[in-house]
Amino acid sequence: MLLLVAYEVMRDLASALGMPAHDLALFDRTLFDGHQPTLVLQAAVGRLADADVFDDLGSAVYATHFLLPVAVGVWLWTRDHDAFRRFGLTLVVLCGLAFVTYVIAPTTPPWLAQPASVRHLIEETIQRSGVPASLVWLYSHHDYNLYAAFPSLHAGFPVVAAVAAWGQSRKVGVLLWLWAVIVWVVVVYLGEHYVADVIGGIVYAVIAIAIARSISARLTNRHVAMAGATEGTTSE
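Counting in our numbering, the sequence shown runs from -3 upward without gaps.
What follows is the structure, encoded as structure tokens:
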């Protein structure tokens, strides 16, 4: 998990290198017949009397980005150490793939690409919550997520967690898949990601799962082969 934290800090390298950032709004508008899901969701919720409640809940969901893999990791460790190691390896592979993408093709989130039309709801929620001004400034002026929208790790982490949990408990797996869908909708509503980013996060997660399983299988086969060779030598 420390690798994931270090990765989150390092991914700001893309903006430091000065690579041009891309806006994926056109993908969303093409996919949804000219409509942009973030704007549609924000407009729909904004008409509600208790819109602030949705913003607060959405921001809380968004904040579980690191808590989810840690919680699932601890749960897996208590049940199956091999599953835990595969889970950890998958997260590292996913982060590695995403980091390379952030460096060579940085992308902007909706709120940054379209400040005149997309509300930055997380910042609004923080300001409304009475959090000290210094913390609001820290979030607003030193956000490591500025040019790392695609692929969305907020979308990818829940996929990895749900797949890992499914192999241990169908009930937990179903709950985590439901949670994944909630997260996907929330990150689009908050203006943190386009649907394109979410799709990218899901695809990258699937690729990372496949790579991690392949690596794990090879390591297991090698371990079995070495154990067999050692046993044969001992018997002689």
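Glycine included, every Cβ here is placed at the ideal spot set by N, Cα and C.
Length of the line joining the Cα atoms of A101 and D193: Each residue's CA atom was taken as its position, placing A101 and D193 some 13 Å apart.
Contact check, W175 vs I198, beta carbons under 9 Å: No, they are not a contact pair.
For R115, the first and last residue of its enclosing alpha helix (DSSP H): Looking at the DSSP string, R115 is not in any alpha helix (DSSP H), and its letter there is neither H nor E.
Euclidean distance between Cα positions of F50 and T34: It is roughly 14 Å from the alpha-carbon of F50 to the alpha-carbon of T34.
Buried or exposed by the 16-neighbour rule on C-beta atoms within 10 Å, applied to V159: With 16 or more Cβ atoms within 10 Å of its Cβ, V159 is classed as buried.
Whole-number beta carbon distance between L20 and V99, since they are thought to touch under 8 Å: Contact between V99 and L20 is absent: CB atoms are separated by about 17 Å, not below the 8 Å threshold.
Check whether F153 and L87 have beta carbons under 9 Å apart: Yes, Cβ-Cβ distance for F153 and L87 is below 9 Å.
Touching by the beta-carbon criterion (3+ pairs, under 8 Å), the segment 112 to 121 and the segment 159 to 170: Of all C-beta pairs linking the segment 112 to 121 to the segment 159 to 170, fewer than three are shorter than 8 Å, placing the two stretches out of contact.
Beta carbon of P106 nearer than 9 Å to that of E188: It is a contact, given that the beta carbons lie within the stated cut-off.
Span of the alpha helix (DSSP H), counted from its first residue to its last, around G69: It spans L63 to R75 - the alpha helix (DSSP H) in which G69 sits, taken as one unbroken run.
Nearest to V177 (by Cα), restricted to the options L186, A151 and S165: With distances taken between Cα atoms, V177 lies closest to A151.
The alpha helix (DSSP H) enclosing F146, as first and last residue numbers: F146 -> no alpha helix (DSSP H), and no H or E assigned at all.
Cβ-based burial, F62 [other Cβ within 10 Å; buried from 16]: By the neighbour-count rule (16 or more Cβ atoms within 10 Å), F62 is not buried but exposed.
From A79, S125 and T216, residue whose alpha carbon lies closest to that of S165: Of A79, S125 and T216, the residue nearest in Cα terms is A79.
Same chain, Cβ closer than 7 Å to D24, five either side skipped, listed in chain order: Correct list, in chain order: Q32, P33, Y190, V191 and A192.
Below-9 Å beta-carbon distance, H31 vs any chain D residue: Note that chain D does not occur in the displayed structure, where there is just one protein chain.
Selection from I205, D52 and P16 that minimises the alpha carbon distance to L186: It is D52 whose Cα lies nearest to the Cα of L186.
Boundaries of the alpha helix (DSSP H) in which R43 is found, first to last residue: Counting along the chain, R43 falls outside any alpha helix (DSSP H), and DSSP gives it neither H nor E.
Neighbourhood of L120 by C-beta, 8 Å cutoff - its chain only, sequence neighbours within 5 removed: The amino acid at residue 120 is misidentified as Leu; the sequence shows Glu. Only D51 meet the Cβ criterion.
Bridge partner(s) assigned by DSSP for H18: Partner(s): T103.
S210 (DSSP reduced to helix, strand or coil): Here S210 sits in helix by DSSP.
Status (buried if at least 16 other CB within 10 Å, exposed otherwise) for R82: Burial is judged here by how many other beta carbons sit within 10 angstroms of a residue's own beta carbon; R82 has at least 16 and is buried.
Closest residue to V68 among N217, V182 and W173 (Cα-Cα distance): Of the candidates N217, V182 and W173, the one whose C-alpha sits nearest the C-alpha of V68 is W173.
Helix, strand or coil at Q32 [DSSP, three-state]: Residue state, collapsed to three classes: coil.
Classification of L90 by the beta-carbon crowding that lies within 10 angstroms, buried from 16 upward: Under this definition L90 is a buried residue.
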